[in-house]
Amino acid sequence: MFQYQCLNPISKVGLDGFTNDYTKTEEIEKADAILVRSASMHEMKLPENIQAIARAGAGVNNIPLQDCAEQGIVVFNTPGANANGVKEMVIAGMLLASRDIVGGVEWVKQEKDNENVGKLAEKQKKQFAGCEIKGKKLGVIGLGAIGAMVANTAIYLGMEVYGYDPYISVDTAWKLSREIKHIANVEDIFKECDYITLHVPLLDSTKGMISKDSIAMMKDGVVLLNFSRDLLVDETALIDALETGKVKKYVTDFANPTVAGAKNTLVTPHLGASTAESEDNCACMAVKELRDYLENGNIHNSVNYPNCDMGICGVAGRIAINHKNVVNMISQFATVLGGAGMNISDMTNKSKGDYAYTLIDLETPATQEIIDKLDEIEGVLKVRIIK
Ligand SMILES: NC(=O)C1=CN([C@@H]2O[C@H](COP(=O)(O)OP(=O)(O)OC[C@H]3O[C@@H](n4cnc5c(N)ncnc54)[C@H](O)[C@@H]3O)[C@@H](O)[C@H]2O)C=CC1
Ligand SMILES: O=C(O)CCC(=O)C(=O)O
1 MFQYQCLNPI SKVGLDGFTN DYTKTEEIEK ADAILVRSAS MHEMKLPENI
51 QAIARAGAGV NNIPLQDCAE QGIVVFNTPG ANANGVKEMV IAGMLLASRD
101 IVGGVEWVKQ EKDNENVGKL AEKQKKQFAG CEIKGKKLGV IGLGAIGAMV
151 ANTAIYLGME VYGYDPYISV DTAWKLSREI KHIANVEDIF KECDYITLHV
201 PLLDSTKGMI SKDSIAMMKD GVVLLNFSRD LLVDETALID ALETGKVKKY
251 VTDFANPTVA GAKNTLVTPH LGASTAESED NCACMAVKEL RDYLENGNIH
301 NSVNYPNCDM GICGVAGRIA INHKNVVNMI SQFATVLGGA GMNISDMTNK
351 SKGDYAYTLI DLETPATQEI IDKLDEIEGV LKVRIIK
């Protein structure tokens with residue numbers, strides 16, 4: 001039996017993927033797993049009983065990944081599961097920034113009691129007019145699940161698309177339209193593009209990537225779209241650029257006091273993934289990942305531990321060991337198991353950065369005594385009997 005806690009509302013369609021062996025708890029001390037969306041976990045103390053955290057979404061900047069890894073807690077996300085939802089918001093954002101659609105709608109509302117509203121509209125509409133996106137240059141920074149979809153869709157809309165991602169995955173590269181121009185230097189995007197959209201994770205290396213200097217390189221009247229995270233942009237510098245008209249519009253999904261009432265901003269309340277489809281997709285993927293980890297020890301889509309798969313646990317015994325990626329671990333595991341007369345029938349060891357994971361199938365079920373001995377080995381962070 002397993003217990004899980006939800007730190008945010010998680011789609012029922014996804015939670016229905018848990019079998020009767022799972023129950024929901026409000027007590028973190030009882031939970032084996034946590035499901036989370038955007039709730040910040042940085043100040044939370046995670047008890048030893050927590051085995052895994054699944055972020056029903058892409059961005060994991062709300063989770064202390066390193067601390068979790070150090071506690072042997074595997075953190076998952078759901079790559080691509082909400083990408084279409086965000087892509088549709090980005091396309092909407094480009095259109096809303098191109099004509100003053102929001103201002104026009106507001107104007108009509110204000111004139112709701114004016115019986116000449118139709119006639120007046122013909123006179124007033126020029127103040128809300130703008131341009132089309134067809135033929136304009138769009139720079140996409142970050143060509144992962146979302147960026148690739150935005151780039152491909154913009155091609156269909158007749159835009160000239162420049163794509164920049166020095167770490168692009170082979171899978172995503174295959175999915176990109178051949179009409180997208182591959183940009184090797186992000187400054188070319190700053191200098192050339194009419195619209196620039198950000199689709200990178202918030203990391204130390206990406207924080208503040210849109211700075212006073214990068215804004216200075218941009219074309220006058222550029223539109224900046226940020227559906228990734230607010231800290232990617234030096235928003236104080238951006239507000240100055242919006243005041244002068246250097247940046248025509250800032251479309252952002254991240255409300256904060258700096259941008260909420262600022263001139264020429266279109267701010268949405270983190271709505272990118274708020275569609276029934278995205279919420280269901282993320283929750284289904286998150287639940288699947290947690291179940292495979294808790295029931296079989298397999299890891300798929302972890303952001304702090306390596307992927308590892310030994311299939312469904314149909315053997316007599318299986319143990320999972322989360323440990324530091326240091327020398328001599330496997331021989332120590334084998335010594336403990338061999339010393340207890342336990343024969344290893346299969347084994348996988350994978351590493352990711354400073355952390356590693358070993359799954360061991362045994363011809364006999366593991367005992368608590370063995371687990372305690374493995375736990376004593378220096379560098380071992382967590383040991384679990386799967387079966
Ligand atoms: N507004 C919303 O509701 C949502 C926001 N997001 C945000 O969007 C971000 C991207 O999401 P996905 O596309 O699903 O993630 P992803 O992991 O599929 O793609 C991120 C891409 O950024 C690239 N990248 C990393 N550093 C870079 C750099 N310095 N310059 C250029 N490219 C760089 C990576 O190589 C990768 O291809 C998330 O990390 C999250 O912060 C994601 C989903 C919903
Ligand atoms: O769960 C949400 O609504 C936020 C989605 C998001 O920002 C993400 O997946 O990175």
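Residues in the sequence shown are numbered consecutively from 1, following the UniProt record's numbering. Think of the CB as a built atom: it goes at the ideal place given N, C-alpha and C, for glycine as much as any other residue.
Beta-bridge pairing of residue 302 - partner residues as DSSP gives them: 76
Unbroken alpha helix (DSSP H) run spanning residue 213, endpoints: DSSP places residue 213 in the uninterrupted alpha helix (DSSP H) bounded by 212-217.
Buried versus exposed call for residue 205 [16 or more other C-beta atoms within 10 Å across all chains shown]: exposed
Helix, strand or coil at residue 291 according to DSSP, with G and I counted as helix: In the structure shown, residue 291 sits in a helix (DSSP, three-state: H, G or I).
Local Cβ density within 10 Å of residue 64, reported as buried at 16 or more and exposed below that: buried
Cβ-heavy atom distance, residue 11 to ligand 1, below 8 Å: no
Residues sharing a beta bridge with residue 252, DSSP: 226, 267
The segment 5-15 in contact with the segment 276-283 per 3-pair CB rule at 8 Å: yes
Integer Cβ distance of residue 202 from residue 59, believed to fall under 8 Å: 7 Å
Cutoff 8 Å; reference residue 70; Cβ partners in own chain excluding five residues on either side: 381
Exposure of residue 1, with buried meaning 16 or more beta-carbon neighbours within 10 Å: exposed
Closest by C-alpha distance to residue 167, when choosing among 98, 199, 177, 273: 199
Residue 141 versus residue 147 - alpha carbon distance: 7 Å
In DSSP terms, what residue 198 is bridged to: Answer is 141, 226, bridged to residue 198.
Distance cut-off 8 Å: residue 17 Cβ against heavy atoms of ligand 1: no
Whether residue 193 touches residue 112 by CB criterion (9 Å): With contacts defined as CB atoms closer than 9 Å, residue 193 and residue 112 fail to qualify as a contacting pair.
Span separating the alpha-carbon of residue 378 from that of residue 19: 36 Å
Residue from 230, 162, 92 with nearest C-alpha to residue 207: 230
Start-to-end residues for the beta strand (DSSP E) that takes in residue 351: 344-352
CA-to-CA distance, residue 32 to residue 400, given in whole angstroms: Nothing about residue 400 can be reported from this structure: the residues present for the chain run from 1 to 387 only.
7 Å CB neighbourhood of residue 308 in its chain, flanking five on each side removed: 298, 299, 348, 350, 357, 359
Extent of the continuous beta strand (DSSP E) run through residue 317: 317-324
Three-state class that DSSP yields for residue 181 in the structure shown: The three-state secondary structure of residue 181, taken from DSSP, is strand.
beta-carbon residue 82 near ligand 2 non-hydrogen atom, thresh 8 Å: yes
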